[in-house]
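Residue numbers (full-length UniProt numbering): 1 to 96.
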């Protein structure tokens with residue numbers, strides 16, 4: 001009899017857990033300027049952080065991923081420009 005009570009309790013708990021709805025994520029809207037930069041803050045680890053350090057909340061994975069790719073492209077361009085400048089400087093020194 002005790003086993004039936006335990007089984008019934010487990011069944012009720014399982015049914016209650018299954019009927020609870022999935023939580024819907026709420027994302028913070030992020031404003032971008034015409035150059036694609038975040039206005040008034042930045043995106044850090046998937047959260048919108050204001051310039052004063054206040055964490056506003058999570059941003060959509062699409063927004064976070066797009067911002068990450070934009071920054072990666074910018075960094076690659078800066079690296080390539082730096083390499084070209086170094087090469088030109090070395091050539092000028094050698095050419096005299």
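Glycine included, each C-beta is placed from N, C-alpha and C at the ideal position.
Cβ-Cβ distance between residue i and residue j below 8 Å
i, j, result
"residue 33", "residue 39", "yes"
"residue 30", "residue 43", "yes"
"residue 49", "residue 36", "no"
For residue i, three-class secondary structure by DSSP
i, result
"residue 44", "strand"
"residue 26", "coil"
"residue 39", "coil"
The beta strand (DSSP E) enclosing residue i, as first and last residue numbers
i, result
"residue 58", "55-58"
Cα-Cα separation between residue i and residue j, rounded to whole angstroms
i, j, result
"residue 64", "residue 45", "8 Å"
"residue 83", "residue 66", "26 Å"
"residue 114", "residue 87", "What the structure shows of the chain is the stretch from 1 to 96, and residue 114 is not part of that stretch, so it cannot be assessed."
"residue 20", "residue 26", "18 Å"
Which listed residue (the options) has its alpha carbon closest to that of residue i
i, options, result
"residue 59", "80, 52, 28", "28"
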